[in-house]
Amino acid sequence: MKTPYDIIKKPVLSEQSYDNIVDRKYTFLVDVTATKPEIKDAIEAIFNVKVDRVNTARTIGKMKRQGRTMGRRPETKKAFITLKSDSKGIEFFDSLAQ
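One point on numbering: in my numbering, the residue at position 88 of the sequence shown is 1020, and numbering is uninterrupted.
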């Protein structure tokens, strides 16, 4: 059984994610095998907010080469969380948006 902290790895802190904070949209790196309901439950448990919508995007790791050896960067999955209008914001991001 995965805990909420196993599902949510870390927040994405980029210029584009900062712009979406005003619209109550937050971005997180999540476990590649996590489903949308699991992500929703984890966000609600960790931050005590009400989630309206969860959108996800997976990126396949790029092939990299070092000499003759070929390897691949790890796969990642981002979750774009939209909060309900009556929910409070996530304090960690709200302090960064000001």
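Glycine included, every Cβ here is placed at the ideal spot set by N, Cα and C.
Check your understanding: How would you call Phe960, buried or exposed, if buried means at least 16 neighbouring beta carbons within 10 angstroms?
Key -> Buried, since its Cβ has 16 or more Cβ neighbours within 10 Å.
Review point. Who are the Cβ neighbours of Pro943 in its own chain at under 6 Å, not counting the five residues just before and after it?
Key: Phe960
Review point. Rounded C-beta distance between Val981 and Leu1015? I'm assuming under 8 Å.
Key: At roughly 6 Å, the Cβ-Cβ gap stays under 8 Å, so Val981 and Leu1015 are in contact.
Exercise for review: In angstroms with no decimal places, state the Cα-to-Cα distance between Lys996 and Met1002.
Suggested key: 6 Å
Practice item. Can you check DSSP and say which residues form a bridge with Gly1003? Key: Lys996
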